[in-house]
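Residue numbers (my numbering): 14 to 389. Data block below; observations after.
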Ligand SMILES: [Zn+2]
């Protein structure tokens, strides 16, 4: 990762670059600040810069062997420690046991938080930690000579999740650091760290991002309209990770909604050519989106029933959905709801079992023309 790939944080970046220029790189640094602002990417970019064979004025070159290794997560002098969910069954006790997942996650999107990491591991709600086994692994890695003749770098993400034993072992290392070793700690919660660890590190405060930086990032990377990006940036309060999630969710929900409305209108009008064309469009989506779409359809049917019969509060609807349902819900009633749910549910199941999407959606669309009419 290069500094220029990280939005904002110009002051922090120049501070880090100056440390290197003045040859005053502290052996233990703590990147501290709110979650979701890009502290881990900053630590990664700093490591790459430090080890780069041909650093430019304010960034690593991105082209030398060292930069390539750093970007490919196979640099022999850059090590990562991060919280994992221990599991005897899956043989997971240290970060290295989840190295593959870690690389996957960062390469997909380097801006994530603990929630995103657990979600990626499919271990939401579990108890992640950095345990004492990790200390042994850290010691082994630091016992090796630096390959690059510069530094060995140990990036520790969320040291506040170290248990006491692990934290005490880390403290010893910080007190008597092995030669040419650099610890970069990246923490969201200063108050959960041992004060003795804090006192052994140099603090680097990383602030929330400003609205404009987030807005620009969303427009460029998430391809959303400037006015939507502006309001999302405002809502996210400087948290880039939240802003990205919001932008993705917003985009996907809108796409599903738009497709669903068109499918229902086409089914109602029952024009053969339009029916073929929308079936083809649905068949072209990737399987995950097809499954989301079918689930989304069931959600809208359910909400229609609630609106028709229970007169309940439709808290699960966005504005565009609510105004659509004001007109559409009356077509969904006890004359067709069971069959509609059944058809969508069966299609959802079959897509999961690799059914032929074109046949499946053509079939579903034709059935829908009858089912929608039944409700009239
Ligand atoms: Zn380089």
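Ideal Cβ placement from N, Cα and C applies to all residues, glycine included.
Residue 161 carries a coil assignment under DSSP once its states are collapsed to helix, strand and coil. Under DSSP, no beta-bridge partner is assigned to residue 257. For residue 131, same chain residues with a beta-carbon under 6 Å away, outside a window of 5 residues either side, are 137 in chain order. Residue side-chain check: residue 75 places its Cβ nearer than 7 Å to a non-hydrogen atom of ligand 1. Distances from the CB of residue 66 to the heavy atoms of ligand 1 include at least one below 7 Å. Using a cutoff of 7 Å, the CB of residue 79 counts as near ligand 1, since one of the ligand's heavy atoms is closer than that. If one requires a minimum length of 4 residues, the alpha helix (DSSP H) runs lying completely within the region 174-252 are 177-188, 208-212, 224-234 and 239-249, in chain order. Under the rule that a run must span 3 or more residues, no beta strand (DSSP E) segment is found entirely inside the region 313-346. DSSP places residue 45 within a strand segment (E or B) once states are collapsed to three. Judged by their CB atoms, residue 99 and residue 145 are not nearer to each other than the 8 Å cut-off. Rounded to whole angstroms, the Cβ separation of residue 151 and residue 199 is 15 Å, and the two are not in contact under 8 Å. Taking 8 Å as the cut-off, the Cβ atoms of residue 52 and residue 44 count as close. Buried is the label assigned to residue 73, since at least 16 other Cβ atoms lie within 10 Å of its Cβ. Membership of residue 33 in any beta strand (DSSP E) is not indicated; the residue belongs instead to the alpha helix (DSSP H) covering 23-34.
Per the C-alpha coordinates, the member of 26, 20, 180 and 18 positioned closest to residue 218 is 26.
By the criterion of a C-beta distance shorter than 8 Å, residue 109 is surrounded in its chain by 150, once the five residues flanking it on both sides are discounted.
Pairing residue 261 with residue 373, the inter-Cα distance amounts to about 27 Å.
DSSP links residue 168 through a beta bridge to 93 and 197.
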